[in-house]
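Engineer: Below is the structure I would like to discuss, written out as structure tokens.
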Amino acid sequence: MEQITQINIMLDGEKPNSISSGHWCGVDGGAKYLVNKGIKLLIGCGDFDSVNDDERLRIENNSKYYYKKNNEIETDADFALRKIHSICKNIKIINIYGATGKRLDHFFGNILLLNSEKYSKTVMNIVDDNNIIMVAKAGKNIFLPKKEYKYFSIVPLYEHTIMTIKNAKYEVENLELTLTRPNATSNEFFDNKKIELEVDKNCLVIYAKD
0 MEQITQINIM LDGEKPNSIS SGHWCGVDGG AKYLVNKGIK LLIGCGDFDS
50 VNDDERLRIE NNSKYYYKKN NEIETDADFA LRKIHSICKN IKIINIYGAT
100 GKRLDHFFGN ILLLNSEKYS KTVMNIVDDN NIIMVAKAGK NIFLPKKEYK
150 YFSIVPLYEH TIMTIKNAKY EVENLELTLT RPNATSNEFF DNKKIELEVD
200 KNCLVIYAKD
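With numbering that gives the first Met the number 0, letter number 207 in the sequence shown gets 206, and the count goes up by one each step, no holes.
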């Protein structure tokens, strides 16, 4: 078992302009990308349908833990999250890169994983060069301003979500969010204050650059 609390995942979508330090789990083509950058993987995993045999062997040789998925019941991203939680029992934060890009089917699948009950004790963020996407849990949440991220949007995951937001440019109390009208997007941090968000159901929060 690994006594680590934070790890990064690289999927095979849009790659970031720079690679963060820390522990990495490379998934399929994302593993190939990291290995080609000279990064040793804590975990290399996936069904490896986007790499050839030589590339797959190179990934295996550069991974402390290597797992090949042999089913289509779970996505490669879900498979990676399951393996991380089995190896890293103390994991608290997972940053997921390569989750956005051309494949919208993969993107929406990755969004749903953020709200999975299986991983509810772990803070998970989808990160690309322009956005950070996470889940706000039901109850009170505090969000800190981040440099270069101007916009703060909330997207409901459930019908009839009730939201109160304070210390943002646009404040509101007990606003009902619906799945058919985007009425909580493009808010902004104000005066460098922490945003206070209270919701009665889990919802998505998106930090976005201008």
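Beta carbons are placed, not taken as given, at the ideal position from N, Cα and C, and that holds for glycine.
All values derive from a computational prediction rather than experimental measurement.
Taking only the alpha-carbon atoms, compute the straight-line gap between residue 149 and residue 122 and give it to the nearest angstrom.
Structural biologist: Using only the alpha carbons, I get a separation of about 22 angstroms.
Engineer: On a Cα-Cα basis, can you pick out the residue from 158, 163, 173, 151 that is closest to residue 187?
Structural biologist: 151
Engineer: Rounded to a whole number of angstroms, what is the C-alpha to C-alpha distance between residue 77 and residue 178?
Structural biologist: 25 angstroms
Engineer: Counting only the same chain and skipping the five closest in sequence on each side, list residues whose C-beta sits under 6 angstroms from that of residue 95.
Structural biologist: Closer than 6 angstroms at the Cβ level, and outside the excluded window around residue 95, lie 8, 125.
Engineer: Would you list, in sequence order, the uninterrupted beta strand (DSSP E) runs of no fewer than 3 residues that lie entirely inside the stretch 56-134?
Structural biologist: Counting only unbroken stretches of 3 or more residues, the beta strand (DSSP E) elements lying wholly within the stretch 56-134 are 62-67, 92-96, 122-126, in sequence order.
Engineer: Alpha carbons only, please: which of 102, 50, 70, 197 is nearest the one belonging to residue 216?
Structural biologist: Outside the shown range of the chain, which is 0 to 209, sits residue 216, and nothing can be said about it.
Engineer: Using the Cα positions of residue 24 and residue 43, report the straight-line distance between them to the nearest angstrom.
Structural biologist: 6 angstroms
Engineer: Report all residues from its chain with a CB closer than 6 angstroms to the CB of residue 98; omit the five preceding and five following residues, and keep chain order.
Structural biologist: 10, 12, 109, 125
Engineer: Of all Cβ atoms in chain C, is any one closer than 8 angstroms to the Cβ of residue 87?
Structural biologist: Absent from the structure is chain C; it holds one protein chain and no more.
Engineer: Express the C-alpha separation of residue 54 and residue 115 in angstroms, rounding to a whole number.
Structural biologist: Those two C-alpha atoms are separated by around 31 angstroms.
Engineer: Which residue comes first and which comes last in the beta strand (DSSP E) that contains residue 148?
Structural biologist: 148-155
Engineer: What do you reckon, are the CB atoms on residue 39 and residue 61 nearer than 8 angstroms?
Structural biologist: yes
Engineer: Report the residue ranges of all beta strand (DSSP E) runs contained in full by the stretch 161-201; include only those spanning at least 3 residues, in chain order.
Structural biologist: 171-176, 194-198
Engineer: Do residue 201 and residue 144 have their beta-carbon atoms positioned less than 8 angstroms apart in this structure?
Structural biologist: For the 8 angstroms CB-CB criterion, residue 144 and residue 201 do not form a contact.
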